[in-house]
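332 is the number of the first residue of the sequence shown in our numbering; add one for each residue after it.
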Amino acid sequence: MTSESIHPISHIAIIMDGNGRWASINGLSRNKGHEKGTENIQSIVQRVSELKIKFLTIFAFSTENWNRPKLEVSTLMNLLFDSINKQLDYLISENIRVIHLGEKSSLPSHLQKAIYKCEQATKNNTGLTLSVALNYGGRTEILNSIIKILSTNPSPNQITFKNIEENLYTSGIPDPDLIIRTGGEKRISNFLLWQSAYSEYFFSDLLWPDFTSKDLDNAIDTYFSRQRRFGKV
Ligand code: IPE
Ligand code: IPE
Ligand code: MG
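Printed below as a string of structure tokens:
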């Protein structure tokens with residue numbers, strides 16, 4: 332494959348789990364674990380971009396993560412704010428387009444502004460599309476899609492899969508081929524419920540701060556050893 336050709340995988344999505352356990356194993360506070368975890372994002376983004384994979388989605392904060400202690404939530408919000416600001420020049424120089432998946436309105440206003448600025452500054456980039464799922468919940472996404480459709484007063488038998496897809500946060504983004512979850516848990520935790528109907532899963536016991544670009548390559552190799560059938564024989 333030449334460096335210019337597009338990778339056969341269109342979309343990888345990652346549930347970046349295990350920051351808290353990483354911190355506890357290393358005798359550090361959970362917040363330090365989140366700091367390490369946030370730092371780890373860039374090398375993975377870099378690798379996906381190098382591989383010419385067109386779409387990467389990262390799960391940064393779920394709608395259920397609001398139920399964590401207040402201080403942990405505010406630390407996460409501040410880390411995400413810092414990371415978006417710090418990475419902006421890099422994202423622009425790498426031709427990466429950033430999209431937010433989730434509800435912006437209940438995020439702290441400084442974070443909303445940073446996300447908006449990053450989306451605007453990168454919107455014409457033509458390389459990797461990096462979707463950041465932040466205050467994202469799959470059920471909320473589907474419910475909101477249905478509410479939007481119903482607001483146009485359609486007749487029920489005219490509603491199609493396409494209508495639902497066009498009103499998800501991920502409108503225009505292909506379904507993930509491969510979903511990686513680090514941290515050892517074997518569950519989906521409300522991530523990309525609609526879009527993952529036929530995704531391949533790769534579960535890694537590595538905690539997110541320890542997951543390297545080599546581990547990503549390993550997950551991709553495993554993906555290529557699978558046979559996707561989509562219900563056919
Ligand atoms: C993932 O790490 C980060 C978020 C969910 C925001 P965790 O904080 O869930 O780490 P563990 O699962 O407690 O180890
Ligand atoms: C999933 O991890 C959410 C993110 C990685 C942002 P959680 O740690 O919140 O998932 P559960 O609670 O173990 O299912
Ligand atoms: Mg977790």
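We put the beta carbon where it would ideally sit given N, CA and C, even for glycine.
Distance cut-off 8 Å: residue i Cβ against heavy atoms of ligand 1
i: M408; result: no
i: L442; result: no
Any non-hydrogen atom of ligand 2 closer than 8 Å to residue i Cβ
i: A445; result: no
i: G514; result: yes
i: F522; result: yes
i: E395; result: yes
Test item: CB-CB of residue i and residue j under 9 Å
i: M408; j: N371; result: no
i: Y554; j: F534; result: no
i: D506; j: Q489; result: no
i: L547; j: R378; result: yes
i: I384; j: A344; result: no
i: W539; j: G349; result: yes
i: H342; j: D508; result: yes
Cβ separation of residue i and residue j, assumed to be a contact under 8 Å, to the nearest whole Å
i: S462; j: I415; result: Not confirmed; about 13 Å, so no contact.
i: L387; j: L459; result: 6 Å
Burial state of residue i, where buried means 16 or more other Cβ atoms lie within 10 Å
i: E395; result: exposed
i: M332; result: Residue placement at M332 cannot be trusted, given a pLDDT of 49 that sits under 50; what the coordinates show is reported in the next sentence. Exposed, because fewer than 16 other Cβ atoms sit within 10 Å of the Cβ of M332.
i: R428; result: buried
i: R560; result: exposed
i: I340; result: buried
i: V376; result: buried
i: G364; result: buried
i: G433; result: buried
Any non-hydrogen atom of ligand 3 within 8 Å of residue i CB
i: D348; result: yes
i: G351; result: yes
Query raised in the report: Touch check for the region 513-531 and the region 465-479: three-plus C-beta pairs under 8 Å?
Result: yes
Query raised in the report: So, do the region 420-427 and the region 488-506 have three or more beta carbon pairs nearer to each other than 8 Å?
Result: no
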